[in-house]
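Q: The structure is given below, and queries will be raised subsequently.
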Amino acid sequence: LKEHYDFADSEMMILTEDQAKEKYPTKSVIHSGLRWLKEGMNSGDLLFVHYSGHGSQFTLPDNTVADCICPLDSLEGKWPDTVILDTEIHRELYDTVPSGARCIAIFDCCHSGTIANLDVKRALPVAPEFRPKPRFMTPPKSAGVKTSLPRPIGGIRRALVSGKLGDHLLWVFSGCQDDETSADAYEDGQFQGAFTWGLVKSLKFDSCATDYVGLLEQIRENIDIYPQTPALTTTKTDYLTYPYLGKDLAVVNRLLDSAVEVPTGRKKALLIGCNYRGKKFELRGCANDAKHRKSVLMQCFGYKESDILILSEDEPRDRWPYKQNILAGIAWLLDNATDRDMLVFHFSGHGSRITDSTGSDPSGFNDVICPLDCDRPWPESVISDFEIHEALYDRLPPGARLQC
C-alpha cells in the first residue's frame, strides 16, 4: 500500500500481536478499528480493510448459519459474543460506506467466500473458451514420415542411450510417454504447460525439497486430469532418490543411509519457451513455463538472474528460440562446466519426429524438438534427440549435475 498505492503511515492501522498490547486484534479493538476506518469518510475516499486469521461459522437461534471471523479473544468467551458475524461486518462497515466512496475488503480465512453477501460473485476463476492443445507438431510432408502419431514405445525406454553416460549425474523429465502428447493448458488463470504447472505446484507444495522420483509421482497426481503421464530417466537407479537440485539433503541422506555430497560448483539454467506466435501451430503457455521455472529456481534453489538464460518470444529478438540460438544456449550452459556444477535445461514447445536416416534407432524414427524457425525445411530446422545427446548430454563433465 505504501510502495505502490501512496498510502501514508498515518493512514494505516495495524492490529496484530506484534504491536503494543492495546493494538492486539481482540473483538473490541477490531470494532474500534472499523470505526476509525470510516471516520469522516466521504464520496471519493478509498478504504481498505484486510483480515488474516481464523474464520468459522455459527448457527443462529433461527437455524441459519452465519459466517464469522475469529478475533484473538474468540477462544476465551462464549460465541457469538466473542466472534464477529458477517452481519456485524455489514452493519459496521459495508452499510455505512457513503455513495461514491470505494471500500476494498480482503478476508484471508476459512468460510469467507460469502462473508460479504454481495450481489455479484466471481467465486471461481473463469477460463477463456480454451481446450488444451497437444504440443505435438505434425511433420511436414517433406520430412517423409509415414504417420503423424507418436510411436507407442511406453515412455522412458530410450531416453538415455549413450553408453558412456553411466557415470554422469543426469536426470531427464519428459511431459508424457512416447505414445502421448503434452498439453498446452490453462491453469491458475493463465496459459502454461500442464507438465510445468504440475512441476512448479509440486515443488511449492514440498517447499522445493523432494527427491526426483517423489517429484515425478507428485507431478503425475497434479496433472491426472490430462491424458499424459510424465516420465523420468536417469543414468543410475540410486539417482532416482537423490534430492532435486540438491535441496533437503539431510532427509534424503537418511533415506539412502549414505552420504550424498552437496554440489558446491556453479548454477546455470537454460530455459526455452516457444509459443510460435502468429503461426498456424501457435501455442500459448510455453513462454510462461520458462518464467515460472526461473521464478522457482531463484526463489528456492539459489539461482541468480545472471545464472539464467531465457529464450522466448517475450525476450528481445536476439534471444528468441531459433535453432541457432538454442544450440548457442546449450554451449553457454556447458561453457567451463566443471565437477559439482548444477545445470538445468528446460524446453517447452512442440515436439515431433523424423525418419531416422542413420538406421541406429530400431523404431525407424528420431524424436525432435521444434525451434521457433521450424517452419523452414526439416530436418535442418529441428533439433533431433541425437543432436541433443551430442551437444548436451555427451559433453557433460563427470561430476556435474544436469536436470532437463
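In this note's numbering, the protein residues as written are 5 to 408.
Beta carbons: idealized from backbone N, C-alpha and C, even for Gly.
The structure presented is a predicted model; accordingly, all values stated were derived computationally and were not measured.
For I108, I'd like the list of residues in its chain whose CB is within less than 8 Å of its CB, leaving aside the five on either flank, ordered along the chain.
A: So the list reads L50, L51, F52 and V53, once near-sequence residues are dropped.
Q: Buried or exposed: where does V348 fall if 16 or more other Cβ atoms within 10 Å of its Cβ makes it buried?
A: Label assigned to V348: buried.
Q: Within a Cβ cutoff of 6 Å, which residues of the same chain sit near L338, ignoring the five residues on either side of it in sequence?
A: Correct list, in chain order: R399.
Q: Given M17, which residues of its chain have a CB within under 7 Å of its CB, disregarding the five upstream and five downstream residues?
A: Excluding sequence neighbours, M17 sits near G37 and W40.
Q: At the level of alpha carbons, what is the spacing between I157 and P136?
A: Residue confidence for I157 is low, a pLDDT of 39 falling below 50, so the modelled location carries little weight; the figure read from the coordinates is stated next. The straight-line gap from Cα to Cα measures roughly 24 Å.
Q: Taking buried to mean at least 16 other C-beta atoms within 10 Å of its own C-beta, is N340 buried or exposed?
A: Burial call: exposed.
Q: So, are the CB atoms of V375 and Y326 less than 9 Å apart?
A: A small correction: the amino acid at residue 375 is Pro; Val does not occupy that position in the sequence shown. Result yes, Cβ atoms of P375 and Y326 sit closer than 9 Å.
Q: Hey, would you say L173 sits closer than 9 Å to L406, going by beta carbons?
A: The answer is yes: Cβ separation under 9 Å.
Q: So, helix, strand or coil for W175, using DSSP?
A: W175 falls in the strand class under three-state DSSP.
Q: Between the C-alpha atoms of G81 and E7, what's the straight-line distance to the nearest angstrom?
A: Those two C-alpha atoms are separated by around 39 Å.
Q: Among L274, S14, I93 and Y190, which one has its Cα closest to the Cα of L301?
A: For L301, the nearest C-alpha among the options comes from L274.
Q: Could you name the residues of the same chain whose beta carbon sits closer than 7 Å to that of N370, not counting the 5 residues immediately before and after it, in chain order?
A: These residues qualify, in order along the chain: R357, I358, D360, S388, D389 and F390.
Q: Helix, strand or coil: which one does DSSP assign to T30?
A: Coil at T30, not helix or strand.
Q: Checking 9 Å against the spacing of the C-beta atoms, do G179 and R139 come in under that value?
A: Against a cut-off of 9 Å, the Cβ pair of R139 and G179 comes out as a contact.
Q: Could you pull the start and end residues of the beta strand (DSSP E) that L370 belongs to?
A: Here residue 370 is Asn; the residue named in the question, Leu, does not match the sequence. F369 to I373 is the extent of the beta strand (DSSP E) around N370.
Q: Smallest Cα separation from H58: which of Q328, K42, P65 and L79?
A: Looking at the Cα atoms, L79 is the closest of the given residues.
Q: Kindly indicate which three-state DSSP category Q222 falls into: helix, strand or coil?
A: Three-state result, Q222: helix.
Q: Taking only the alpha-carbon atoms, compute the straight-line gap between I314 and Y280 and give it to the nearest angstrom.
A: Computed Cα separation, rounded: 15 Å.
Q: For H35 and L89, what's the separation of their Cα atoms in angstroms?
A: About 12 Å.
Q: Could you check where the alpha helix (DSSP H) with R297 kicks off and where it finishes?
A: R297 -> alpha helix (DSSP H) spans C290 to C304.
Q: Where DSSP assigns a beta bridge to Y280, which residues make up the other side?
A: According to DSSP, which records beta bridges pairwise, Y280 is partnered with nothing at all.
Q: Cα-Cα, which of F199, G48 and P75 is closest to S60?
A: That would be P75, whose Cα lies nearest to the Cα of S60.
Q: Rounded to whole angstroms, what is the Cα-Cα separation between A70 and P84?
A: One C-alpha to the other measures close to 10 Å.
Q: Give every residue of the same chain whose Cβ lies closer than 6 Å to the Cβ of S186, excluding the five residues on either side of it in the sequence, and list them in chain order.
A: Only R139, G179, C180, F199 and Q232 meet the Cβ criterion.
Q: Under a three-way DSSP split, which group does G158 fall into?
A: Annotation note: pLDDT 36 at G158 (below 50); position unreliable, no value reported.
Q: Where does D293 land, buried or exposed, given buried means 16+ other C-beta within 10 angstroms?
A: It is buried - the Cβ of D293 has at least 16 other Cβ atoms within 10 Å.
Q: In terms of residue numbering, what span does the alpha helix (DSSP H) encompassing G202 cover?
A: Unbroken alpha helix (DSSP H) run through G202: A198 to F209.
Q: Can you tell which of I373, I334, G197 and D379 has the C-alpha that lies nearest to the C-alpha of G289?
A: Answer by Cα proximity: G197.
Q: Taking only beta-carbon positions, decide if G333 is within less than 9 Å of chain B.
A: In summary, chain B is missing from the structure at hand, where a single protein chain is found.
Q: Given this structure, state the Cα-to-Cα distance separating L249 from E286, to the nearest angstrom.
A: Cα-Cα distance, rounded: 32 Å.
Q: Going by C-alpha to C-alpha distance, which of N226, D112 and K284 sits closest to F209?
A: Nearest C-alpha to F209: N226.
Q: When the distance is taken between beta carbons, is T20 closer than 9 Å to Y9?
A: No, these two residues do not count as a Cβ contact at 9 Å.
Q: Alpha carbon to alpha carbon, how far is S299 from R106?
A: Cα-Cα distance, rounded: 34 Å.
Q: Among the residues of its own chain, which have a CB less than 7 Å from the CB of D377, if the five just before and after it don't count?
A: Result list for D377: Y326, K327 and S385, in chain order.
Q: For A404, which of K271, G333, I276 and M45 has the nearest alpha-carbon?
A: With distances taken between Cα atoms, A404 lies closest to K271.
Q: If you draw a straight line from the alpha carbon of C278 to that of E319, how long is it in whole angstroms?
A: Rounded to whole angstroms, C278 to E319 spans 11 Å at the Cα level.
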